[in-house]
Amino acid sequence: MSDQSRNRILERIREGLPATPFPGSDFSVVEEKQWPLETRVKMLRERLESVNGQVHQCSRDGWVAELRNLLSGREVNSLLYAPGTEHGSELENSWPGNDAGLPSLLSTMEEEVDFRERVFDVDASLTGTIGGIAETGTLVLWPTTQEPRLMSLAPPVHIALLDAANIQNTFWETVNQSQWAADMPTNVLLISGPSKTADIEQHLSYGVHGPKELIVLIRE
Amino acid sequence: MTKADFRTSAARAVGDTQLRKNFRRAMDGLMEKRTAAFPDGDELERLRTLGESIRSRSLAKLPELLVQLEHTCRENGIQVHWAETAEDGNRIVLDILKQRNAKTLVKGKSMVSEEMELNHFLEAHGIEALESDLGEYIIQLAQEMPSHIVMPVIHRNTAQIAELMERKIEGVSYTENPDELCKIARKVLREKFYKADAGISGVNFAVAETGTLCLVENEGNGRMSTTAPRTHIAVMGIEKVVEHLQDVPPLLSLLTRSATGQHITTYFNMISSPRRPGEQDGPEEVHLVLLDNGRSRILADPELRPTLRCIRCGACMNHCPVYTRVGGHAYQAVIPGPIGKILTPQLRGLDERGDMPFGSTLCNACVEVCPVRIPIVDILLRLRAEANGPEQGSSVKGAGAKRDGKEAMAWKGWQAMHASGALYNGLSRLMAKTGNMMPGSVAPLKAWTATRTKPRFAARTLHQMTRKRGVPNE
Amino acid sequence: MSDRSYPERPECVYFFGTCLIDLFYPGAGMAGIELLQREGLKVIFPQAQSCCGQPAYNSGFREEARAVARNQVRHFSKPYPVIVPSGSCASMLRNRYPDLFKDDPDETAAVDFSKRVYELTEFLVHVLKVDLTDLGAPVKVAWHGSCSMQREMGLREEPKRLLAQLDNVDIRPLERERECCGFGGTFSIKLPEISAAMAADKAGDVERSGAEVLVSGDCGCLMNISGTLEAQGQRVAPRHIAEFLWERTHDKG
Chain A
454 MSDQSRNRIL ERIREGLPAT PFPGSDFSVV EEKQWPLETR VKMLRERLES VNGQVHQCSR
514 DGWVAELRNL LSGREVNSLL YAPGTEHGSE LENSWPGNDA GLPSLLSTME EEVDFRERVF
574 DVDASLTGTI GGIAETGTLV LWPTTQEPRL MSLAPPVHIA LLDAANIQNT FWETVNQSQW
634 AADMPTNVLL ISGPSKTADI EQHLSYGVHG PKELIVLIRE
Chain B
54 MTKADFRTSA ARAVGDTQLR KNFRRAMDGL MEKRTAAFPD GDELERLRTL GESIRSRSLA
114 KLPELLVQLE HTCRENGIQV HWAETAEDGN RIVLDILKQR NAKTLVKGKS MVSEEMELNH
174 FLEAHGIEAL ESDLGEYIIQ LAQEMPSHIV MPVIHRNTAQ IAELMERKIE GVSYTENPDE
234 LCKIARKVLR EKFYKADAGI SGVNFAVAET GTLCLVENEG NGRMSTTAPR THIAVMGIEK
294 VVEHLQDVPP LLSLLTRSAT GQHITTYFNM ISSPRRPGEQ DGPEEVHLVL LDNGRSRILA
354 DPELRPTLRC IRCGACMNHC PVYTRVGGHA YQAVIPGPIG KILTPQLRGL DERGDMPFGS
414 TLCNACVEVC PVRIPIVDIL LRLRAEANGP EQGSSVKGAG AKRDGKEAMA WKGWQAMHAS
474 GALYNGLSRL MAKTGNMMPG SVAPLKAWTA TRTKPRFAAR TLHQMTRKRG VPNE
Chain C
523 MSDRSYPERP ECVYFFGTCL IDLFYPGAGM AGIELLQREG LKVIFPQAQS CCGQPAYNSG
583 FREEARAVAR NQVRHFSKPY PVIVPSGSCA SMLRNRYPDL FKDDPDETAA VDFSKRVYEL
643 TEFLVHVLKV DLTDLGAPVK VAWHGSCSMQ REMGLREEPK RLLAQLDNVD IRPLEREREC
703 CGFGGTFSIK LPEISAAMAA DKAGDVERSG AEVLVSGDCG CLMNISGTLE AQGQRVAPRH
763 IAEFLWERTH DKG
């Protein structure tokens, strides 16, 4: 039945459309948007902070220390992370064993543990990113087996690692530069702040369904 | 069901001072936000031109792109279904749910599912479809229709929402703190996301080049609905396809900035396949339902085709002086406002909603802000002509349905008076002498004089004055 | 400001009065003609003119609109600019006639005619480049530009430029200058409740501005807003801009 519907729909559409070729589009208005790296970092930071995102800049090797500072003394008891990733290993290696003030590390790959159950239960998660977008203050994530999609959605606190050098100018540039169209992953996520809504008389509330806090560590 | 008549429902709404206050404040806020998001007038115009080009290209190549989309989706493992009517679409969704043994459902916001009346249909078949977007969740509790395509519960203030939630959700005590209200919704819905068998969503853009479904949202419920359950069903109007992946960023920028003044929404979710081997979350099956429901008919007419460029930003209704005063419900349609006034009559027929195109002063405020330059006023005028014109040979459903014998005669009389210079001169001189004697209480003058003084005919017409002054005739 | 290209100053122009001016505000029409004559132009007023056809066109009665429109096309056939003291009528004549006459034997004539159409203030500013001297006493005015003027003709600044040339005229800004007044032609009698609400808001805006005179380039809007103000007992005098400019600048002595 669906096939007949398909053919009928296509036939109806074809009937009314001209055979003439349609011109391509002029993308220069988006193509032109280019800023130096320093500006890109600043723009991304400003945009994220304007929507209640938290941004911290640190050195390439100083991020775990930065993370420890941020989480120490907070009521975050568990931190979900992905072993087997570069940042996951670095985290594992530098995390103190029995610090009462810091969350315990929980793995996304632990056998006998249902990932789904765990991710809905933890207080915070840490993921990497494949890059960022300056114009919109956005993190780009390509979820993987080790860092599944729900990691950046279910926990109330999401911490994301971003390398400054990977911050592109615009979304359009990102798509074209990295030739996304060649091979799209299951899911691409653009995250530009903590979850929010203004449905209740335009009052801004955070953490409706997604994380209430988005913490971004920019490694320079 | 009583026939919808915009004038009647609008007249009622205009008298509701609370509603008018709510909407005026909300629309002012949205207009300000949009203005602030487009500080560079030149960039805005160039971006609108680009948006128009991308969407027009999609429509011009629609059959080819739909075939390509079907192919790339299937290659990715997304199952594609075609529905000619809303009924077909509902059936397809139900069959998928049955086949997947899905009894509970969470829904992300989808205007097309409202057009299909999907929830109602599923309920009749024993499947509960829970709206998860906060605004949609609230109107589902209230059993109302959305009053705006982007902010569905904009017609209710905090107190009204608080009262509703206390009444409808178990174990909840009254609070007017919006953050508390959100916490309650989060708790209720979180459990539903976790347990739901299936998730339903709309699609903001479907990319033919890569077989990717793109979804825009701020709350996270869309991601939840499309990631947590085992089955994801996406429903989409056939016009929502775009050709290339690079077409998406400009449209996204236009959409979010036009709608709410945001550079981008909190989440932009691009789904290209169900869960792949080794992945730990994501649905096992992803289905895409392509809905026609009258769109192919609109496509066939080049003057009306631009109706389908719409990316559902809502800017037109935010700027509409009529919408601001009557709110969304007065339109009695899934999609209200200026775009609703041209889309709904074409989908449902002028016989059913031929009243809608007349509910406008043709002020062009919508035309000025539409991110894809839909010539809304031109289309309103065309639909008005179709509503009165002959049905034969018309491409529009229900053409001729609004033609009123009395009105047609009146316009014929008007024509006779104005088509001949000589006749006009004679009759206008007569009006000048006698027009003021017409009582203001006679229709149609009565409608005018209810709130205004009667217009006064001048003692002499301009024709008479110019002749007297010797202004040359040729 | 309009970005249309304008011709050199002609010797001769047509004047299309509009039916509302003809019947209700003929003085404004005469003032428009006098403003043009004062600049040294020969103004021609074809007596056979009647109406641009917009009321029928907007109501969806195109055949009837075309029959009436044909009368205008036929009587303004020489290659002179056609000056129109109304944004809404000017837009009909300029923007809608080509489509109205598509595939019609008079199509070429209609297209040619439409290209020669100018709204009055547009013509005064961009072609005649008038320089006005205010001879009147100080007065506060509110300017209302119709939606057609602002958006279909793209003329937001031109009328205000003319008013700004008058030293004793204090232009009181409106809070919602761009918002429609609710006239919309037959809309005002077909959907009178919404129209009345919009007119009431606009009237309130005018009243709050402190203006003594309401000036507009469109008589439909003028009738709508001033009719509302009058019914409310407000004493704001309505004036078409042609009338106002002529009153303020011509030596009555």
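In the order they appear, the protein sequences are chains A, B and C.
The first sequence begins at 454 in my numbering and counts up by one.
The second sequence begins at 54 in my numbering and counts up by one.
The third sequence begins at 523 in my numbering and counts up by one.
We put the CB at the ideal spot given by N, CA and C, even for glycine.
What residues in its chain sit with their C-beta under 7 Å from that of residue 548 of chain A, if we drop five residues either side in the sequence?
558, listed in sequence order.
By the criterion of Cβ-Cβ separation under 7 Å, what are the contact partners of residue 569 of chain C in chain B?
Going along chain B in sequence order, the residues near residue 569 of chain C (Cβ under 7 Å) are 474, 478, 516, 520 and 526.
Looking only at C-alpha atoms, which of C:731, C:702, C:631 and C:754 sits nearest to residue 694 of chain C?
The residue from C:731, C:702, C:631 and C:754 with its alpha-carbon nearest to that of residue 694 of chain C is C:731.
Throw me the rounded Cβ distance for the residue 497 of chain A and residue 581 of chain A pair, which I believe falls under 8 Å.
The Cβ separation is near 16 Å, so there is no contact.
According to DSSP, is residue 229 of chain B helix, strand or coil?
Residue state, collapsed to three classes: coil.
Residue 323 of chain B: first and last residue of the uninterrupted beta strand (DSSP E) it sits in:
Where residue 323 of chain B is concerned, the enclosing beta strand (DSSP E) stretches over 320 to 324.
Return the Cβ separation of residue 739 of chain C and residue 609 of chain C in integer angstroms, given the expectation that the two are a contact with Cβ distance under 8 Å.
Contact flag correct, Cβ pair sits at about 5 Å.
Less than 8 Å between CB atoms is the rule here; does residue 602 of chain A satisfy it with respect to chain B?
Yes, residue 602 of chain A lies at the interface with chain B (some Cβ there is under 8 Å from its Cβ).
Through-space distance from residue 236 of chain B to residue 624 of chain A, alpha-carbon basis:
So the alpha carbons of these two residues sit roughly 32 Å apart.
Do we get a CB-CB distance below 8 Å when we pair residue 652 of chain A with the residues of chain B?
Residue-level contact by beta carbon holds for residue 652 of chain A and chain B, with a gap shorter than 8 Å.
Tell me whether residue 714 of chain C sits in a helix, a strand or coil according to DSSP, three-state version.
DSSP places residue 714 of chain C in helix when its eight states are reduced to three.
Under 8 Å, Cβ to Cβ, is there at least one residue of chain C near residue 60 of chain B?
Among the CB atoms of chain C, one or more fall inside 8 Å of the CB of residue 60 of chain B.
Taking only the alpha-carbon atoms, compute the straight-line gap between residue 543 of chain C and residue 743 of chain C and give it to the nearest angstrom.
Their Cα atoms are separated by approximately 12 Å.
For residue 674 of chain C, would you say it is in contact with chain B, using Cβ-to-Cβ distances shorter than 8 Å as the test?
Cβ-Cβ to chain B under 8 Å: yes for residue 674 of chain C.
8 Å is my cut-off, CB to CB: does residue 588 of chain A come that close to chain B?
Judged by the 8 Å Cβ criterion, residue 588 of chain A is in contact with chain B.
Report the option in C:629, C:652 and C:671 whose CA atom is closest to the CA atom of residue 560 of chain C.
Nearest option by C-alpha distance: C:652.
Chain D contact for residue 566 of chain C (CB, 8 Å cutoff)
The question asks about chain D, but that chain is absent: this structure's protein chains are A, B and C.
By the 10 Å Cβ neighbour count, where 16 or more other Cβ atoms means buried, how is residue 519 of chain B classified, buried or exposed?
Flag for residue 519 of chain B reads buried.
Could you run through the region 633 to 647 of chain A and flag, in chain order, every residue whose CB is less than 8 Å away from some CB of chain B?
Within the region 633 to 647 of chain A, the residues whose Cβ lies closer than 8 Å to some Cβ of chain B are 633, 634, 637, 638, 639, 640, 641, 642, 643, 644, 645, 646 and 647, listed in chain order.
Classification of residue 503 of chain A by the beta-carbon crowding that lies within 10 angstroms, buried from 16 upward:
With fewer than 16 other Cβ atoms from the protein chains shown falling within 10 Å of its own Cβ, residue 503 of chain A counts as exposed.
Interface partners of residue 625 of chain A on chain B, CB under 9 Å
The answer, in chain order, is 299, 301, 302, 303 and 306.
Please give the ranges of any beta strand (DSSP E) in the region 459 to 525 of chain A, keeping only runs that are unbroken, at least 3 residues long and fully inside the region.
If we require 3 residues or more, the beta strand (DSSP E) runs fully inside the region 459 to 525 of chain A come out as 507 to 511.
Using a Cβ-Cβ cutoff of 8 Å, what residues of the region 239 to 253 of chain B are near chain A? List them in chain order.
The residues in question are 239, 242, 243, 246 and 247.
Please classify residue 551 of chain A: is it buried, with 16 or more other beta-carbons within 10 angstroms of its beta-carbon, or exposed?
With fewer than 16 Cβ atoms within 10 Å of its Cβ, residue 551 of chain A is classed as exposed.
Please report the straight-line C-alpha distance between residue 494 of chain A and residue 88 of chain B, rounded to a whole angstrom.
So the alpha carbons of these two residues sit roughly 25 Å apart.
Within a Cβ cutoff of 8 Å, which residues of the same chain sit near residue 447 of chain B, ignoring the five residues on either side of it in sequence?
439 and 453.
For residue 650 of chain A, the residue or residues it bridges with in DSSP
Looking at the DSSP assignment, residue 650 of chain A forms a beta bridge with A:658.
Considering only the beta carbon of each residue, do residue 314 of chain B and residue 648 of chain A sit closer than 8 Å?
Not a contact, by the Cβ cut-off of 8 Å.
Using a Cβ cut-off of 8 Å (strictly closer), state whether residue 421 of chain B contacts chain C.
Interface with chain C (8 Å Cβ-Cβ cutoff): residue 421 of chain B is included.
Just checking, does the region 592 to 604 of chain C make contact with the region 639 to 651 of chain C on the three C-beta pairs under 8 Å criterion?
The region 592 to 604 of chain C makes contact with the region 639 to 651 of chain C; the number of CB pairs closer than 8 Å reaches 3 or more.
Apply the 10 Å Cβ neighbour rule to residue 663 of chain C and answer buried if 16 or more other Cβ atoms are within range, or exposed otherwise.
So residue 663 of chain C ends up on the buried side.
Taking residue 674 of chain C as the reference, which of C:646, C:615, C:687 and C:533 has the closest Cα?
Of C:646, C:615, C:687 and C:533, the smallest CA-CA separation from residue 674 of chain C is found for C:615.
Proximity test, Cβ basis, 8 Å: residue 193 of chain B and chain A:
Answer no: the Cβ-Cβ gap between residue 193 of chain B and chain A never drops below 8 Å.
I'd like to check one pair, residue 247 of chain B with residue 276 of chain B: are the Cβ atoms closer than 8 Å?
Here residue 276 of chain B is not near residue 247 of chain B, since their CB atoms are 8 Å or more apart.
Note down, in chain order, each residue of its chain lying with its Cβ closer than 6 Å to the Cβ of residue 399 of chain B, except the 5 sequence neighbours on either side.
Cβ neighbours of residue 399 of chain B beyond the five flanking positions: 351.
List in chain order: all unbroken alpha helix (DSSP H) runs of 4+ residues lying wholly within the region 420 to 501 of chain B.
If we require 4 residues or more, the alpha helix (DSSP H) runs fully inside the region 420 to 501 of chain B come out as 429 to 441, 458 to 472 and 474 to 487.
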